[in-house]
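Here's the structure, in structure tokens; my notes come after.
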Amino acid sequence: MVRITIDGQLAQVPAGTTIMEAAKAVNVKIPHLCYLKGINEISACRICCVEIEGERAMVAACSNPVKDGMVVYTNSPRARMTRRTNVELILSQHDCKCATCVRSGNCQLQEVANDLGILELPFETQLQKGLRSAWTKTFPLYRDVNKCIKCMRCIQICDKVQTLNIWDLAGTGSRTTVDVSGNRVIKDSDCALCGQCITHCPTGGLRERDDTAKARAALADKEKITVVQVAPAVRTAWGEYFGLKREEATMERMAGALHRLGFDYVYDTNFAADLTIMEEGNEFLHRLKSGALVRWPMFTSCCPGWVRFLKGQYPELTNQLSTAKSPQQMFGAVAKTWLAKKLDVAPEKICCVSIMPCVAKKAEADLPTMRGESGADVDIVLTTRELVRMMRADHLDPHFIEEEALNSPMGTHTGAGVIFGATGGVMEAALRTAAYVLTGENPNPDAFSEVRTGPGLREATYTVAGIPVRCAVVSGLGNARKLIERLKEGKVQYDFVEVMACPGGCVGGGGQPISAEDEELYGVRGERLYTLDAENPMRFAHENPEVQALYHEYLGEPLGETAHHLLHTDHKA
Ligand code: HC0
Ligand code: SF4
1 MVRITIDGQL AQVPAGTTIM EAAKAVNVKI PHLCYLKGIN EISACRICCV EIEGERAMVA
61 ACSNPVKDGM VVYTNSPRAR MTRRTNVELI LSQHDCKCAT CVRSGNCQLQ EVANDLGILE
121 LPFETQLQKG LRSAWTKTFP LYRDVNKCIK CMRCIQICDK VQTLNIWDLA GTGSRTTVDV
181 SGNRVIKDSD CALCGQCITH CPTGGLRERD DTAKARAALA DKEKITVVQV APAVRTAWGE
241 YFGLKREEAT MERMAGALHR LGFDYVYDTN FAADLTIMEE GNEFLHRLKS GALVRWPMFT
301 SCCPGWVRFL KGQYPELTNQ LSTAKSPQQM FGAVAKTWLA KKLDVAPEKI CCVSIMPCVA
361 KKAEADLPTM RGESGADVDI VLTTRELVRM MRADHLDPHF IEEEALNSPM GTHTGAGVIF
421 GATGGVMEAA LRTAAYVLTG ENPNPDAFSE VRTGPGLREA TYTVAGIPVR CAVVSGLGNA
481 RKLIERLKEG KVQYDFVEVM ACPGGCVGGG GQPISAEDEE LYGVRGERLY TLDAENPMRF
541 AHENPEVQAL YHEYLGEPLG ETAHHLLHTD HKA
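Numbered by full-length UniProt numbering, the letters in the sequence shown go through residues 1 to 573 in order.
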């Protein structure tokens with residue numbers, strides 16, 4: 001152990017610990033912009049500079065280890081002055097239009113500048129002009145070069161965690177910036193649209209395409225019937241910006257808020273998750289029994305980030321994807337057919353809006369294959385952050401919003417549907433129903449819980465009705481790549497593989513609220529989903545009475561003709 005003093009406090013930490021982490025251990029916060037533990041420890045921003053007793057040069061706390069006897073001052077006049085100058089220099093190349101920035105109030109640069117009391121900019125502002133990136137505003141991911149502080153977090157997250165290498169440094173000297181790698185434009189790159197670069201950006205340099213104006217227009221249109229669905233993971237996180245406890249940020253409270261925003265009907269993507277299990281679970285059993293899974297497994301298809309990744313990186317494996325559309329798209333397809341009939345309205349009048357924790361869902365809804373006779377299955381996709389912005393614009397404080405029931409049908413779900421939002425959830429939900437289909441009896445709903453926790457890549461073999469089912473669950477695209485490489489080398493064999501592009505699954509999605517403290521919140525959010533599952537009296541997708549009614553009244557059998565037409569795709573677009 002190494003003994004050091006930080007701002008007068010004694011700390012004992014293992015050798016090799018950085019000054020930043022040692023300070024954290026004694027509750028001393030050292031401001032930083034580029035630092036992301038284990039991912040980006042490159043002292044690029046130099047905001048974390050501290051003074052070390054006896055040393056002339058200031059030292060970056062994020063990349064320098066402690067030494068025995070070290071005496072550190074994080075807020076001495078020299079430390080503060082250095083930090084201030086470094087922030088002022090960053091601001092001299094930053095478009096400081098906070099009033100029109102989506103990250104205002106949740107921006108680490110704004111916070112550090114405010115905390116230091118910077119009221120004037122002493123250096124001339126030099127913004128980048130005439131750059132190639134006249135960024136296409138229709139792409140679901142948007143980058144503002146003049147809000148980028150070159151911290152490199154996006155580069156590192158994309159390279160180290162997602163292995164897609166979409167971002168790179170471009171230019172030289174004072175014109176150095178971050179841009180799409182290989183001189184490509186973003187829409188022609190392999191970007192999976194997982195949005196992890198957004199949620200790890202400390203400023204407003206990266207954001208989702210803003211579709212709130214489109215949603216407002218639909219809400220204001222008296223001719224439109226606005227139908228909104230809410231994804232499983234959204235309910236774990238929407239209350240974060242409002243300081244609402246996770247158990248208070250209920251789906252029913254969100255329904256109250258959505259009604260106040262003007263939505264005519266509030267439903268649940270979880271209903272469609274239960275429906276997906278009926279289709280995908282049966283498809284899996286069909287493929288398994290037909291011997292189609294001997295060499296390659298069936299991959300889940302509900303995460304559009306993963307589907308984009310597979311089609312871009314391993315197009316030869318596209319046929320291994322389940323043909324089931326994702327719950328978001330199944331919801332839209334059913335809303336514009338069965339639900340339209342039930343509501344007795346023309347399907348063209350329905351505007352189907354989704355609230356998703358995801359950026360890739362915007363691209364999924366835009367795919368030409370995700371349309372029926374009445375147009376797009378889903379018309380508008382908003383992220384959790386966009387929902388929060390709409391609520392704020394209408395001064396809706398959820399602390400004072402009453403809980404309201406969801407509409408029916410398509411508003412009821414089981415515990416199997418709600419766990420879709422966490423890594424392993426789709427697999428577990430599918431196995432619960434597969435066991436029922438094979439044996440005629442419900443298994444213990446927690447029989448497949450082994451896939452809930454563990455590393456980013458997990459595997460388990462379950463014997464269901466005497467049939468061994470080799471399963472793997474993976475989240476994060478780097479882990480997905482590892483798994484595929486092992487499959488290709490013949491080192492592993494599976495029957496069923498669930499992949500979610502974002503670490504931890506959708507709870508850690510690229511459209512979720514961004515932690516001001518750089519915390520990874522997918523763990524606690526995922527736990528919330530498993531609590532909701534345990535509390536639900538129905539734990540099996542096939543028990544959902546509204547899904548049963550849908551099959552009885554409209555679809556017929558899982559994988560039947562109508563179901564195939566509405567709920568499946570060939571992933572060709
Ligand atoms: Fe997900 Fe989904 S679980 S992908 O992460 O399957 O976005 O939450 O809505 O569609 O249900 C996202 C979350 C969904 C879908 C569901 C799946
Ligand atoms: Fe979107 Fe979820 Fe996939 Fe992330 S894991 S890309 S949030 S669907």
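Where is the CB? At the ideal position from N, CA and C, for every residue including glycine.
Given 7 Å as the limit, tell me if residue i has its C-beta closer than that to any heavy atom belonging to ligand 1.
| i | result |
| --- | --- |
| Gly16 | no |
| Asn479 | no |
| Val234 | yes |
| Thr276 | yes |
| Thr269 | yes |
| Gly421 | yes |
| Gln162 | no |
| Ser189 | no |
| Pro327 | yes |
| Ala365 | no |
| Ala335 | no |
| Met500 | yes |
| Ala99 | no |
| Gly505 | yes |
| Met356 | yes |
| Cys302 | yes |
| Val353 | no |
Looking only at its own chain, which residues have a Cβ that is under 6 Å from the Cβ of residue i, when we skip the five neighbours before and after it?
| i | result |
| --- | --- |
| Ala460 | Glu450, Val451 and Cys471 |
| Gly312 | Asp190 |
| Ile355 | Val230, Val234, Leu382 and Leu387 |
| Met370 | Gln329 and Asp377 |
| Val492 | Arg486 |
| Gly239 | Ala249 |
From what residue to what residue does the beta strand (DSSP E) around residue i run?
| i | result |
| --- | --- |
| Val102 | Premise fails: Val102 is in no beta strand (DSSP E) and is neither H nor E. |
| Trp338 | Run containing Trp338: none; DSSP gives neither H nor E here. |
| Phe496 | Phe496 to Met500 |
| Glu51 | Cys49 to Ile52 |
| Asp179 | Thr177 to Val180 |
| Asp168 | Trp167 to Ala170 |
Once the 5 residues before and after residue i are set aside, which same chain residues still bring their CB inside 7 Å of it?
| i | result |
| --- | --- |
| Val87 | Ile47, Val112, Ala113, Leu116 and Ile118 |
| Leu367 | Ala573 |
| Ile419 | Gly425, Glu428, Ala429, Leu529, Tyr530 and Asp533 |
| Tyr35 | Met20, Glu41, Cys48 and Cys62 |
Go to residue i, then tell me how far its alpha helix (DSSP H) extends in each direction, as first and last residue.
| i | result |
| --- | --- |
| Thr85 | Pro77 to Leu91 |
| Arg287 | Thr269 to Lys289 |
| Leu10 | Note, Leu10: premise wrong, no alpha helix (DSSP H); beta strand (DSSP E) at Gln9 to Val13. |
| Tyr436 | Gly425 to Thr439 |
| Tyr530 | Tyr522 to Glu535 |
| Thr562 | Glu561 to Leu567 |
| Gly312 | Pro304 to Gln313 |
| Thr199 | Gln196 to Thr199 |
For ligand 2, is there any heavy atom lying closer than 7 Å to the beta carbon of residue i?
| i | result |
| --- | --- |
| Trp306 | yes |
| Lys361 | yes |
| Pro65 | no |
| Ala434 | no |
| Gly509 | yes |
| Cys471 | no |
| Cys49 | no |
Go through its chain and collect everything with a Cβ distance to residue i's Cβ below 8 Å, but skip five positions before and after it.
| i | result |
| --- | --- |
| Lys342 | Pro409 |
| Leu285 | Ala434, Val437 and Leu438 |
| Arg3 | Leu10, Ala11, Gln12, Asp68 and Gly69 |
| Leu477 | Val161, Gln162, Thr163, Leu164, Ala192, Cys194, Gly305, Trp306, Phe309 and Ala501 |
Using DSSP's beta-bridge definition, name the partner residues of residue i.
| i | result |
| --- | --- |
| Val381 | Ser354 |
| Val266 | Val228 |
| Glu208 | Leu141 |
| Phe299 | Leu321 and Val497 |
| Val334 | For Val334, which the question treats as bridged, DSSP gives no partner whatsoever. |
| Ser475 | Met500 |
| Arg470 | Thr461 |
| Tyr73 | Glu51 |
| Arg3 | Gln12 |
| Gly375 | Gly372 |
- prompt: Touching or not, the region 245-259 and the region 177-197, by the rule of three or more beta carbon pairs under 8 Å?
  reply: no
- prompt: Would you say the region 325-332 touches the region 352-368, given that touching needs at least three Cβ pairs under 8 Å?
  reply: yes
query: Using 8 Å as the threshold, is the region 138-156 in touch with the region 201-211, meaning 3 or more CB pairs across them?
result: yes
query: Are three or more beta carbon pairs between the region 59-66 and the region 92-104 nearer than 8 Å?
result: no
The region 285-303 contacting the region 497-505, beta-carbon criterion three pairs below 8 Å: yes
message: Quick check: the region 273-280 against the region 420-431, are at least 3 beta-carbon pairs closer than 8 Å?
response: yes
message: Within 8 Å, do at least three Cβ pairs link the region 401-419 to the region 526-542?
response: yes
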